[in-house]
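Chemist:
Residue numbers (our numbering): -1 to 90.
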């Protein structure tokens, strides 16, 4: 479900569930640096954990990339909230 703006609960198969993922790359002259913003739930024996929002990587950012990061964090927070509400509903 990469780049999903409206996440839906995927089936509980595999090692994790990706609710949202966005990669901000360094650009044509900076291909080694990137930042990844993602929301995932880990799955153990068919049971998902609460969602985890993480930001990984490093990047010497331009102003445009800073705006892109802020936008990705806003979308990730929305995805986290939706996934968290779904997780809580699953506990009932």
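Where is the CB? At the ideal position from N, CA and C, for every residue including glycine.
Once you ignore the five residues that flank residue 20 on each side, which residues in its own chain have a CB closer than 6 Å to its CB?
Modeler: Indexing the chain shown from 1 puts residue 20 at position 22. Same-chain partners within the cutoff: 35 and 70.
Chemist: Check whether the region 63 to 83 touches the region 13 to 30, taking contact to mean three or more Cβ pairs, one atom from each stretch, closer than 8 Å.
Modeler: Flag = yes, the region 63 to 83 and the region 13 to 30 touch.
Chemist: In whole angstroms, what separates the C-alpha of residue 25 from that of residue 52?
Modeler: Your numbering for residue 25 matches position 27 in the chain shown. Your numbering for residue 52 matches position 54 in the chain shown. Rounded to whole angstroms, residue 25 to residue 52 spans 22 Å at the Cα level.
Chemist: Can you say whether residue 15 is buried or exposed, counting buried as having 16 or more other CB atoms within 10 angstroms of its CB?
Modeler: As a working mapping, residue 15 is identified with position 17 in the chain shown. Counting Cβ neighbours within 10 Å, residue 15 comes out buried, since at least 16 surround it.
Chemist: Confirm, please, whether the CB-CB distance from residue 46 to residue 85 is below 8 Å.
Modeler: As a position in the chain shown, residue 85 is number 87, starting the count at 1. As a position in the chain shown, residue 46 is number 48, starting the count at 1. Yes, these two residues count as a Cβ contact at 8 Å.
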